[in-house]
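For the sequence shown, the residue numbers in full-length UniProt numbering are 1 to 538. Beneath this line is the structure, given in structure tokens, with notes to follow.
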Amino acid sequence: MPNVSAENQSGEGDTPPSTYEAHFHAAASGYLVLSMDGTILDVNRTLAGWTGHLREGLLGTNIVELMPLADRVLFASYAVPQLAIAGCFTEMAVDLLCADGSRIAVLLSGVRSAGSDPGSGLDRISVFNASKRTLHERELVEALRKAEAAEAARAAAEEELRQKQKALEEKDRVLQASLALSREREALLNTVVNAVDVGLLVVDTEGQVVLTNAHLMSAWQKVMGNVALSGEHLTFGPDRVTLLSEDENPVRRAVAGESFSNQLVWFGAPGDANQLALNVSARPIRADGVFSGSVIAYTDVSALVHALSAQEEFVANVSHELRTPLTSIMGYLDLALDEEDLPPAVSGALKVAVRNSERLLSLVSDLLSVASGSKKMEVRPVNVAEIVRAGLTSVGPKAKANAVDLVPEIPSELVAKADPQRLAQVVDNLLSNAVKYSPDGGIVRVRLWREGQDVRLQVSDTGMGMSAEEQEKVFTKFFRSRRAVASAVPGVGLGLVITKNIVESHGGTLTFNSSPGQGSEFTVSLPGAAREAVSPAH
1 MPNVSAENQS
11 GEGDTPPSTY
21 EAHFHAAASG
31 YLVLSMDGTI
41 LDVNRTLAGW
51 TGHLREGLLG
61 TNIVELMPLA
71 DRVLFASYAV
81 PQLAIAGCFT
91 EMAVDLLCAD
101 GSRIAVLLSG
111 VRSAGSDPGS
121 GLDRISVFNA
131 SKRTLHEREL
141 VEALRKAEAA
151 EAARAAAEEE
161 LRQKQKALEE
171 KDRVLQASLA
181 LSREREALLN
191 TVVNAVDVGL
201 LVVDTEGQVV
211 LTNAHLMSAW
221 QKVMGNVALS
231 GEHLTFGPDR
241 VTLLSEDENP
251 VRRAVAGESF
261 SNQLVWFGAP
271 GDANQLALNV
281 SARPIRADGV
291 FSGSVIAYTD
301 VSALVHALSA
311 QEEFVANVSH
321 ELRTPLTSIM
331 GYLDLALDEE
341 DLPPAVSGAL
351 KVAVRNSERL
361 LSLVSDLLSV
371 ASGSKKMEVR
381 PVNVAEIVRA
391 GLTSVGPKAK
401 ANAVDLVPEI
411 PSELVAKADP
421 QRLAQVVDNL
431 LSNAVKYSPD
441 GGIVRVRLWR
451 EGQDVRLQVS
461 DTGMGMSAEE
471 QEKVFTKFFR
481 SRRAVASAVP
491 GVGLGLVITK
501 NIVESHGGTL
511 TFNSSPGQGS
521 EFTVSLPGAA
531 REAVSPAH
């Protein structure tokens, strides 16, 4: 290997070796002399000092051993081809590995000089310390990054501010819309509250008035005049004169948080022509389970109460008027039956007339009972089978006239606890209805049997039947179905009401099934009784 140390690198006429060596080692830049394969032939002390390597330790090593792997690849792919083709390269940025494991950023520039032998030559590499430059670049990059971050933060802050402004505008829009909707709902509520045909009073937990409607104020002024509305007002019981106690007062009950319906009270001074009958209901107001007041509804039922009173008075008067001729008829029938040697047919007809007169008198008594609300029962063990057979005999002529077949399934004896006269009325009502509502012919089946401790009587027909709507009203006073009215079927709409009341007063039940055009089926259930206790049915 040729000697290329700093001592013999000067040629003839060059700077003396000692002067060149001094300049070589004292240069501000690092210098490397390489063979064409990258072997370090010489290195100045400046570069050795930068890297912390001993100068003698670097001699004979390859330059790429001073570089990280990535820079080795870069040197081999860029510098080596440039030296071979162009004979030089400039400012290649690489890192050099220091003895302590750290790195130093440098810029390499190189030039190749041909040797005396073909294919030989030396590569002179200048090394410039780029640490400060890199630091400045890094500081610049960091400053740029911070500036970009600050700009991004400013933009983000502005965007956040815009979003908050947008959110505030949206909240304001929603608030305005909610306020408008609230006003609309308030107007709607006021319209509805004032449109209903019911007086409304809203009170707080102390009984103070919170809200009223026009209907209530109209009723208040009618009764109380110019007296200021108050939750505390005089109310009376159904008799119109007894002042309600605090526990019974509707407002006090509502303030206590009670929920109730259909309390009948009278509002206004007793004897006052403007006194009103009111049906009162109340519901508590609870927000999140906390009681905050009550809504009280007052329905004016004065007209209904007066109408019912007039109806009851009319029924009572008519019933009393019917009693006199009936009593006379029954007296003459008894006289006729007292005659001796009456033909059996005449005697039987008179007995049927007596029975029907007694039934009619019983109906009149029922009308009086309905009007007065009183009923007298004389319950004892009776043979229900005997009563049913008597009822079939009584309804027989009417069934024959209507071409209705009576199909009984009755045992010889079946005992129940009942008032015989009232039970006969139940049987007559059910049989009469079954025949009456089968005007075009058909079949009426009558079954009597014991089920457990109870006695069951079932009367079914194949008549006109009832719709679902009519079935809901079947036990309402004076109700008659449309088909019954259209077909001119006689009746006043009290039979089933009376029948149900009689059955329930015996501790029994009355149930039914019906379909339009298919007929109806009524079933009576009564408490049974022991055989030995049977009393006559009449």
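Yeah, the Cβ is synthetic: ideal placement off N, Cα and C, and Gly gets one too.
Residue environment, residue i, which counts as buried when at least 16 other CB atoms sit within 10 Å
i	result
T19	exposed
L161	exposed
E532	In this prediction, E532 has a pLDDT of 48, which is less than 50 and means its spatial position is unreliable; what the coordinates show is noted afterwards. So E532 ends up on the exposed side.
G519	buried
Q425	buried
G52	exposed
K436	buried
M466	buried
D317	Looking at the sequence provided, one finds Asn at residue 317 rather than Asp. Exposed: under 16 other Cβ atoms inside 10 Å.
T462	buried
F314	exposed
V485	Low confidence applies here, because V485 scores a pLDDT of 49, under 50, leaving its location unreliable and the question unanswered by this model.
V524	buried
S460	buried
W220	buried
V492	Confidence is the limiting factor: at V492 the pLDDT is only 49, short of 50, which leaves the residue's position unreliable and the question unanswerable from this model.
A99	exposed
M464	buried
R154	exposed
P381	buried
D288	exposed
T476	exposed
CB of residue i within 9 Å of CB of residue j, strictly
i	j	result
S438	V446	no
W266	R283	no
L392	L363	no
S126	G49	no
G441	N402	yes
L423	I502	yes
R103	C88	no
A277	V251	no
L201	Y298	yes
L66	L58	yes
L107	A130	yes
Q471	E521	no
G225	H215	no
L526	V388	no
L333	S357	yes
R450	G528	yes
A273	V203	no
DSSP bridge partner residues for residue i (one or two, in chain order)
i	result
W50	BP columns for W50 are empty, so no partner.
A105	D95
N262	For N262, which the question treats as bridged, DSSP gives no partner whatsoever.
K436	Paired residue(s): none; K436 is not in a bridge.
V43	L32
G279	At residue 279 the sequence reads Asn, which differs from the Gly that was named. Paired residues: L264, T299.
G528	A416
S520	S514
Given residue i as reference, the closest of the options once Cα atoms are compared
i	options	result
M92	V223, F128, T499	F128
L496	R450, T90, M36, D428	D428
R45	F24, L34, D37, K436	F24
E258	D197, L243, G293	G293
L34	R173, W449, G110	G110
A70	D95, E142, L510	D95
A416	G507, A307, S302	G507
E56	I410, I498, V43	V43
L448	I63, E386, Q163, L122	E386
S302	V295, T324, Q311, N279	N279
T191	N213, T327, T476	N213
R359	L337, S394, V379	S394
Check: residue i C-beta below 8 Å from any heavy atom of the ligand SAM
i	result
V80	As for the ligand SAM, it is missing from this structure, which has no ligand bound.
Runs of beta strand (DSSP E) wholly within the segment 112-175 (minimum 3 residues, chain order): You should have 121-129.
Which ranges would you report for the alpha helix (DSSP H) in the segment 213-255 if only whole runs of at least 4 residues count? Taking only runs of at least 4 residues, the alpha helix (DSSP H) segments lying wholly in the segment 213-255 are 214-224, 250-255.
Fully enclosed by the segment 335-414, which beta strand (DSSP E) runs are 3 residues long or longer? Fully enclosed beta strand (DSSP E) runs of no fewer than 3 residues occupy 380-383, 404-409 of the segment 335-414, in order along the chain.
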